[in-house]
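Note that my numbering gives residue 8 to position 12 of the sequence shown, counting from 1, and the numbers run on in steps of one. What follows is one structure encoded as structure tokens, with my remarks underneath.
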Amino acid sequence: YIRSQFADVLEAIISMRLIPSQQLGVVPAVEVLLNNYAVKNLVRDGKSYRVDDIILTSSSQGMISLNSSLSTLIEKGLVTVDDAFKFSLNPEELRRLVKLR
-3 YIRSQFADVL EAIISMRLIP SQQLGVVPAV EVLLNNYAVK NLVRDGKSYR VDDIILTSSS
57 QGMISLNSSL STLIEKGLVT VDDAFKFSLN PEELRRLVKL R
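Here it is, written out as structure tokens:
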């Protein structure tokens, strides 16, 4: 019952981690989850551990993964690769993203 209610009222979740930056002190790496049909179903079914998959496949809807944000910060020269990897929850995915850019 609680999961169903939560799935219905959730709009978005925005998470921010402050990453050390030589130029600016710290810079935010963000993760954005927007509640769409797929997210609602995962929450209702108690499968929130699969939300990362939805974020990765829904960037066109405005969702942003932490690793995507970290990769962008690396590309812009705002954070070092080492610092980005320290904050990544999935270093293998970040490694793949950094190689693609």
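The C-beta atom is built at its ideal place from N, Cα and C for all residues, glycine as well. Note that this is a predicted model, so its numbers are computed, not measured.
Cut-off 6 Å between Cβ atoms - residues of its own chain near residue i, not counting five sequence neighbours on either side
i: Leu74; result: Ser17, Val23
Test item: CB-CB of residue i and residue j under 7 Å
i: Leu52; j: Ser44; result: no
i: Ala25; j: Ile10; result: no
i: Met59; j: Leu90; result: no
i: Arg130; j: Arg40; result: Any question about residue 130 goes unanswered here, given that the chain covers just -3 to 97.
Residue i burial status per 10 Å Cβ neighbour count (16 or more: buried)
i: Asp4; result: exposed
i: Glu88; result: exposed
i: Asn32; result: exposed
i: Glu27; result: buried
i: Leu20; result: exposed
One or two residues paired with residue i in a DSSP bridge
i: Pro16; result: Val22
i: Ser11; result: Glu27
Contact set for residue i: own chain, Cβ-Cβ below 7 Å, skip 5 residues either direction
i: Ile70; result: Val77, Ala80, Val94
Cutoff 8 Å; reference residue i; Cβ partners in own chain excluding five residues on either side
i: Gly42; result: Arg(-1)
i: Lys36; result: Ala3, Asp4, Leu6
### Length-filtered (4 minimum) alpha helix (DSSP H) runs lying within the segment 44 to 91
Within the segment 44 to 91, the complete alpha helix (DSSP H) runs of at least 4 residues are 47 to 53, 62 to 71, 77 to 83.
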